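Heads up: the sequence shown runs through residues 2 to 398, numbered per my numbering. Below is one structure, written out as structure tokens, with a few remarks after it.
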Amino acid sequence: MPSMLGPPQASGRFLAAWTVVGRSVARLVGNFSDGVATMKACGLKRRVGCALGWVAGFVLLGGCVPQDRAPVPGGANPAETGFQIPVDQTLLTEGRHTYAIYCKGCHGENGDGKGPAERVLHPKPRNFVTADFKFNSRRSGQLPTDQDLFDTITRGLTGSSMPSWKLLPERQRWALVAYIKTFSPKWEEFDPAPTVPVVEDPYAVDEDKSRAIARGEAVFHGLAQCWTCHPAFVSPEKIQAYQEMMEIPPTQEFREDLHRAVARLSSEDQVVFVPDFRRDRLRAGNDVRVLYRSIAAGVTGTAMPTWVDSIQMKSEQSDGYVTTRGDLWAIAYYVHSLTMQRPRLLSEPVVVRANRALDVSQGDWQPLIGAELRAMRSGSDVEQEGWDDEDDEDDQG
Ligand code: HEC
Ligand code: HEC
């Protein structure tokens, strides 16, 4: 039986066979035209990496990366169109060619995330060999579904240099999914785990989501304590009140910068900026269903945990506070409401990832200048600060 990409899931074993073929082919075919080699030559620094990446994406696409991209699932949904592609040598060859043109400059010829542009980018392009894919409908630490990869490629990752590739024909995007799976042996050994359960949305009927948002605020601060990494969005007293309500011992000492996010390290020892939902654009987007997925499943390779299994809490007393998986929806609505408070870039004074408290346990990591980018409007002029190149040496990584 030929393996198919797109739902239903490709059969692991058949794809694995092709994986071996694909990898040998990839080795044989040497250098492809290097989409962004010029980026290396231009010697720009890591801290403008993100901006540069957008430019690269722009140039490579020969078009515009839209500001507000479609939510996941983006593009045509194969489940709806019945679009399924057999993973055969033709598809892998197509994937290899497309990859060489559009992806190699960042993700590297061998898929190790070390393309010529890597040096100037933060966050770094994903390493397809270690295959710690962040955005996933399976629990954190598991490999993602083909649909997850397809959706990421279609939509891109906001706030990083990973562009949207929705202008590529759908077949080509599936070919890319098949091809990037040839880089890691993990796919061969992988026994697909179930995706995280998506329970019924108890608030779907509410036109006004304030009930969900209020509940989400309570669970976010009281039970889940998302503020140990993300900022808190209410006062310490309010947090204690929520904790008491949920019969959790109230926190006595809060960190000093409670209303700011804490930076964390990724599994590859890169600094990861934990988003402040009122300021930062979320990588996978702020569509409520996507938020449900990010929160339920977690973000692989980062400190962001899987919540779907720990959200259920039963109070000792029968009339006590009970949380269920339905509360994942409440939290998603709450986070969504926070993202709606985000000022539109360049339309109001806004500080992007500025002066973040860096509680990174290892090394004396210096904030990126990109991290100090202040974009502000003065009258009708847009001023950008923090782009000076003076401390060049310090910043070479
Ligand atoms: C300009 C640089 C750049 C180009 C070009 C680029 N990417 Fe990326 N890509 C990134 C970065 C950076 C990340 C990681 C973002 C993060 O960690 O938040 C990424 C992440 C990914 C991920 C991982 C998503 C996850 O869940 O972890 C996939 C899959 C991916 N890219 C596929 C592609 C494909 C396919 C192409 C070519 C069509 C491509 N990328 C081109 C920069 C790029
Ligand atoms: C132990 C630290 C930690 C805790 C606790 C935590 N997070 Fe996160 N979270 C992270 C990190 C790190 C990221 C950034 C991932 C990235 O961008 O690479 C993140 C990212 C996210 C994202 C963004 C996904 C995207 O598309 O960019 C959402 C939404 C989120 N967290 C929600 C929550 C919620 C809700 C809670 C509590 C129920 C929570 N987090 C608790 C560390 C944490």
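Glycine is no exception: its CB is placed at the ideal position from the N, C-alpha and C atoms. Keep in mind it's a predicted model, so treat the numbers as computed, not measured.
Distance from the C-beta of residue 292 to the nearest heavy atom of ligand 2 is below 7 Å.
In this structure, residue 264 lies near residue 275, with their beta-carbon atoms less than 8 Å apart. Looking at the backbone, the Cα of residue 95 and that of residue 114 are separated by about 20 Å. If you draw a straight line from the Cα of residue 194 to the Cα of residue 140, it comes to about 8 Å.
In this structure, residue 283 lies near residue 340, with their beta-carbon atoms less than 8 Å apart. Excluding five sequence positions before and after residue 213, the CB atoms of its chain that fall closer than 6 Å to its own CB belong to 204, 331 and 334, given in chain order. Annotation: residue 117 to residue 207 spans about 50 Å, alpha carbon to alpha carbon. For residue 98, the enclosing alpha helix (DSSP H) covers residues 90-103. Distance from the Cα of residue 104 is smallest, within the candidate group 310, 177, 233 and 258, for 177.
Ranking 309, 131, 175 and 278 by CA distance to the CA of residue 344 puts 278 first. By the Cβ rule, the segment 171-188 counts as touching the segment 128-145, because three or more pairs are nearer than 8 Å.
In the same chain as residue 142, and ignoring 5 residues on each side of it, the C-beta atoms closer than 7 Å to its own belong to 301, in chain order. Looking at 271, 244 and 240, the one whose alpha-carbon comes closest to that of residue 260 is 240. Relative to residue 85, the option among 171, 288 and 308 whose CA is nearest is 171. When 215, 169, 190 and 281 are compared, the shortest CA-CA separation from residue 232 is found for 281. Sequence-distant partners of residue 133 (beyond 5 residues in either direction) whose C-beta falls short of 6 Å from its own C-beta, in its chain, are 268, 301 and 302. For residue 240, the shortest C-beta to heavy atom distance toward ligand 2 is 7 Å or greater. A check of alpha carbon separations from residue 258 across 229, 238 and 243 identifies 229 as the nearest.
Taking 7 Å as the cut-off, the C-beta of residue 86 does not count as close to any heavy atom of ligand 1. Residue 324 has 314 as its beta-bridge partners, per DSSP. If only complete runs of 4 or more residues are kept, the segment 198-233 shows the alpha helix (DSSP H) at 211-222, in order along the chain. A distance criterion of 7 Å places the beta-carbon of residue 185 beyond contact range of ligand 2, judged by its closest non-hydrogen atom. Residue 136 is a Cβ neighbour of residue 149, given a cutoff of 8 Å. Around the beta-carbon of residue 289, 16 or more other beta-carbon atoms lie within 10 Å, marking it buried. Within the same chain, Cβ atoms closer than 6 Å to the Cβ of residue 219 are found at 243, the five residues on either side in sequence being excluded. Approximately 11 Å separates the beta-carbon atoms of residue 292 and residue 308; this is outside 8 Å, ruling out the contact. For residue 266, the secondary structure class from DSSP, reduced to helix, strand or coil, is strand. For residue 106, the shortest C-beta to heavy atom distance toward ligand 1 is below 7 Å.
It is roughly 14 Å from the alpha-carbon of residue 175 to the alpha-carbon of residue 145. For residue 304, the shortest separation between its Cβ and any heavy atom of ligand 2 lies below 7 Å. At a threshold of 7 Å, residue 284 counts as near ligand 1, since its beta carbon sits closer than that to one of the ligand's heavy atoms. The nearest non-hydrogen atom of ligand 1 is 7 Å or more from the C-beta of residue 131. Taking every protein chain shown into account, the CB of residue 324 has 16 or more other CB atoms within 10 angstroms, so this residue is buried.
Ranked by how close their Cα comes to the Cα of residue 246, the residues 342, 163, 322 and 169 have 322 in first place.
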